[in-house]
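Below: the structure, in structure tokens.
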Amino acid sequence: MTSIQHWQPVAEIYDIPQQGMISFEISGLSLLFSRQGQQVSCFANSCTHLDRPLDMGNVCNGVVTCPFHGYEFELETGRCLNASSPPLKSYPVRIVENFVQVCLVEDTID
Numbered sequence: 001m002t003s004i005q006h007w008q009p010v011a012e013i014y015d016i017p018q019q020g021m022i023s024f025e026i027s028g029l030s031l032l033f034s035r036q037g038q039q040v041s042c043f044a045n046s047c048t049h050l051d052r053p054l055d056m057g058n059v060c061n062g063v064v065t066c067p068f069h070g071y072e073f074e075l076e077t078g079r080c081l082n083a084s085s086p087p088l089k090s091y092p093v094r095i096v097e098n099f100v101q102v103c104l105v106e107d108t109i110d
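Just so you know, the sequence shown maps onto residues 1 to 110 in full-length UniProt numbering.
Okay, structure coming up:
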């Protein structure tokens, strides 16, 4: 089995709210994006507590609160702040000429 990495276009950097979040469906994945200045973070849109979507949660000061159980996650790092829950699954992001791209890995059978 071989893994292939490919960069998928997402949006312009300014479409991603500063200190907020937005979700996009890309290649069948629901992904959550956040921006702090020129730095963009990307995580699976899924709370690590019970696998519920986070995009309906409240955001305050760069922290999203899971609308189902109150778990808080830092949007810059994905770290859980108020429970012993694993961090959010992250994806590499790059900015090319003000456009955000996310790196996805696809497993192929040789």
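From the three backbone atoms N, C-alpha and C, an ideal C-beta is built for every residue, glycine too.
For residue i, write down the residues that DSSP places opposite it in a beta bridge.
i	result
V102	Q8, V93
T65	N58, E72
C80	F73
Under a three-way DSSP split, which group does residue i fall into?
i	result
I16	coil
R35	strand
C42	strand
L29	strand
Between which two residues does the beta strand (DSSP E) carrying residue i extend?
i	result
residue 113	Residue 113 cannot be examined here, being either before or after the span of the chain that is shown, 1 to 110.
S23	22-26
How many angstroms separate the CA atom of residue i from the CA atom of residue j?
i	j	result
I95	Q101	6 Å
P67	I22	15 Å
R35	V10	13 Å
V40	L31	12 Å
Y71	Y14	27 Å
M56	A83	19 Å
G78	G28	21 Å
E12	F33	12 Å
Check your understanding: Can we say the segment 45-54 touches the segment 2-11, given the rule of at least three CB pairs closer than 8 Å?
Key -> no
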